[in-house]
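Undergrad: The letter at position 140 of the sequence shown is residue 274 when you use the numbering used here, and the numbering goes up by one with no holes. Note that CB positions come from ideal geometry on N, CA and C, so glycine has one too. What follows is a single structure, and I will ask about it in a moment.
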Amino acid sequence: MQIVHTLVELFIEAVPTVIIVLLFYLLLRFTFFLPLVRTMDERSARTEGARREAEASQSAAREKTRAYEEALRKARATVYAEQDVARRAIMEQRAAAARDARSRAMERVQNEKDQIAQEIAAAQAQLESTTPQLAAEIVRTLLVPNSGPRPASEAR
């Protein structure tokens, strides 16, 4: 029984300490912990809001980047198409210049061929006109023994 009596005394002596600890807990809870929890909740809400805003900004930036890349791709395609048109025009000009040069060269070759043909015809005509004279002179040279070649003016 003494143990029970000692326990009751200890319990009675501990009551003021428990009351002080309980009061201290309540005081700290209302003056420190509740404002701290409210501040942390507010901070968390602001952080979430900022995170959502950042995600929205990133999404908008991605969309703008995509639009920019699409516009850039279209601009490049337009430039490439213009370059292709210009290249084709230059190639056509080169081909036309080559055709023109080729036709002038062919014309010149044909003129030279015609001129050579005329010179050949003139040379043949001259040969045909001088052939009887040359034949007569050759015959005279062969038939007349020591007479030697005569000048063309004497042969007539």
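(1) For V278, name the three-state secondary structure that DSSP assigns.
(2) Tell me the residue span of the alpha helix (DSSP H) that contains T140.
(3) Straight-line CA distance for R228 to T212?
TA: So, to answer that:
(1) coil
(2) 136-162
(3) 24 Å
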